[in-house]
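Enquirer: Before we start, here is the structure in question, set down as C-alpha cells.
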Amino acid sequence: SDVQERTQYSQADSRLRIVVDDQTAVIYDENDNGTIIEIPCFAAEIDVFDAFESHDGSMKVILKTTSGKLMTSGDTEPLLTNCISLHCSKSFCFATTSDQRLFSFPYHIPVSSWRDVVIKRTSEESTREVEAGAEIVTTVPDEAMLMLLMPRGNLETIYPRAMVLQAVRKHLDKLEYRDAYLLCRRH
C-alpha cells in the first residue's frame, strides 16, 4: 500500500516541523531531533494537523479528519465529531463545529480534561456560539483576538473569553493593572 507522507510547520510553534504518515507523526524541533507519536487515524484521512507541548511537557498532535473528527494523539475516541475548522495558537487550540460552537482548549490543562469542556458545554470561558459555517482564519494572541471567515465571505473578529482572561492574567502577573483594567473594560 502507498504510504502518504505530509510535512507541515506548526502554527503554535514555528520551530516545530511535523511529518505525518500512516498512523505515525514525527515532530522535529529546530535541531531536527525527532519525536515519534502514534496518531489515531491514517494520514489519508487527515485534513489539518498541528503539534503542541501539553501541560506536562510532552508533545501532542491534534488533527482534524476529512470527516470532521477532532482527534488528539493518545486518544482512540474523537474529541469532536462535527469539527469544521481547527487552529492552534501558542496557548490554545480552537475548533469550530457544525452545531455553531467555538471551543477553546487551553494547553495548560491536561488533554484528557478537554473532553469535559465538550461534554459540559457550560463553561463560558471555553465555549461560545458562532455563526453556522464559521471557519477560523487566524488568531492574534497579543490582542486576544480570533478572526473567523463567515459563510457569506466576510471576516469577523471576536474576542474569546479564554484569550481575554489569559491576557488579563498576564497583565496582572506583570503588575500592569491599567492594561488589565482597559482590556476588561474593552471586552
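Residue numbers (this note's numbering): 1446 to 1632. A virtual CB, placed ideally from N, CA and C, is assigned to each residue, including glycine. Just so you know, these numbers come straight off a predicted model, no measurement behind them.
1. Could you give the DSSP three-state label for Cys1486: helix, strand or coil?
2. Rounded to a whole number of angstroms, what is the C-alpha to C-alpha distance between Thr1517 and Val1609?
3. Which residue or residues does DSSP assign as beta-bridge partners of Glu1544?
4. Under the rule that 16 or more other beta-carbon atoms within 10 Å means buried, what is His1500, buried or exposed?
5. Quick check: the stretch 1568-1585 against the stretch 1616-1623, are there 3 or more CB pairs under 8 angstroms?
6. Can you tell which of Ile1581, His1553 and Tyr1622 has the C-alpha that lies nearest to the C-alpha of Arg1546?
7. Run through DSSP, which three-state label would Leu1524 get?
8. Go to Lys1565, then tell me how far its alpha helix (DSSP H) extends in each direction, as first and last residue.
9. List the endpoints of the continuous beta strand (DSSP E) containing Arg1573.
10. Enumerate in chain order the residues of its own chain whose CB-to-CB distance from Thr1511 is below 6 angstroms, with the five nearest sequence positions on each side excluded.
Expert: Based on what the coordinates show:
1. coil
2. 25 angstroms
3. Note that residue 1544 is Asp in the sequence shown, not Glu. DSSP output for Asp1544 lists no bridge partner at all.
4. exposed
5. no
6. Ile1581
7. coil
8. Trp1559 to Lys1565
9. In the DSSP assignment, Arg1573 falls within the beta strand (DSSP E) that extends over Thr1572 to Glu1574.
10. Glu1490 and Asp1492
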